[in-house]
Amino acid sequence: GAVVSQHPSRVICKSGTSVKIECRSLDFQATTMFWYRQFPKQSLMLMATSNEGSKATYEQGVEKDKFLINHASLTLSTLTVTSAHPEDSSFYICSAQLRGLETQYFGPGTRLLVL
Amino acid sequence: LAKITQPISMDSYEGQEVNITCSHNNIATNDYITWYQQFPSQGPRFIIQGYKTKVTNEVASLFIPADRKSSTLSLPRVSLSDTAVYYCLVGDPRGSTLGRLYFGRGTQLTVWP
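Sequences listed follow chains A and B, in order. Each residue of the first sequence is one higher than the last, beginning at 121 in the numbering used here. Each residue of the second sequence is one higher than the last, beginning at 9 in the numbering used here.
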């Protein structure tokens, strides 16, 4: 149980294009999903908190117009990196949490490379 | 937010028990302590979670003293495949932070043959 998937696992795109990453909780309903970014040799950095049916809450310094988050259902959240640039190249990881439980379950991550 | 301190790195040999201690002096009353394991290019994997005393599951034990200002993750008889980064996190899923997790640098555990 408690499986979280991400799609795609890796993506290469040209500078200026937009990329959508999906995060799904496969066997439970996640009222809250979180998005993280991780650069090489560094720790995970929380980007935003996504609650089903409401606007995402972004961490300080994260541009909400750059990183669009949609949490349309209890099992799906999407992160869209708009007008991606090489500095957006990173490892993006989502996690999902069921209300009332204290544990977050993480997806396998998506490697984004912007050329 | 609780300030977390854990060793940057640890080394061990196969078959040994490894204890990684995490300091969280200003842990709040409702905070839980959670440990995650991360391999390169993978998402963190949940290991264990606790609030107080001792918690044990099939892969690890978590020891939390009465003052809760520290916690120790114990990995029995490690193998080469336990080489990974281990993160100690403190948070309250129902409180003001609404479950947001802030990762520190973690502890790089290297297991040698």
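Glycine included, each C-beta is placed from N, C-alpha and C at the ideal position. Predicted model, so just to flag it, every value in this text is computed and none were measured.
Restricted to the stretch 23-68 of chain B, not a single alpha helix (DSSP H) segment is unbroken, complete and at least 4 residues in length. Per DSSP, Q14 of chain B is not a residue of any beta strand (DSSP E), being assigned neither H nor E. Comparing alpha-carbon positions, the option among A:L166, A:Y225, A:M153, A:T202 lying closest to L109 of chain B turns out to be A:L166.
In the structure shown, the three-state DSSP call for E207 of chain A is helix. Check the Cα spacing between D147 of chain A and each of A:L196, A:A122, A:S209: the tightest is with A:A122. Counting along the chain, the unbroken beta strand (DSSP E) around F187 of chain A starts and ends at 187-193.
Three or more beta-carbon pairs drawn from the stretch 212-232 of chain A and the stretch 154-161 of chain A are found closer than 8 Å, and the two stretches are therefore classed as touching. Measuring C-alpha to C-alpha distances from H32 of chain B to each of B:G114, B:G99, B:K77 identifies B:K77 as the nearest. L199 of chain A and H191 of chain A have their C-alpha atoms roughly 9 Å apart. Using beta-carbon distances, F54 of chain B counts as an interface residue toward chain A, with a partner under 8 Å. Neighbourhood of I213 of chain A in chain B, by CB distance below 7 Å: G51, in chain order. Taking all protein chains in view, the Cβ of G99 of chain B is crowded by 16 or more other Cβ atoms within 10 Å, so the residue is classified as buried.
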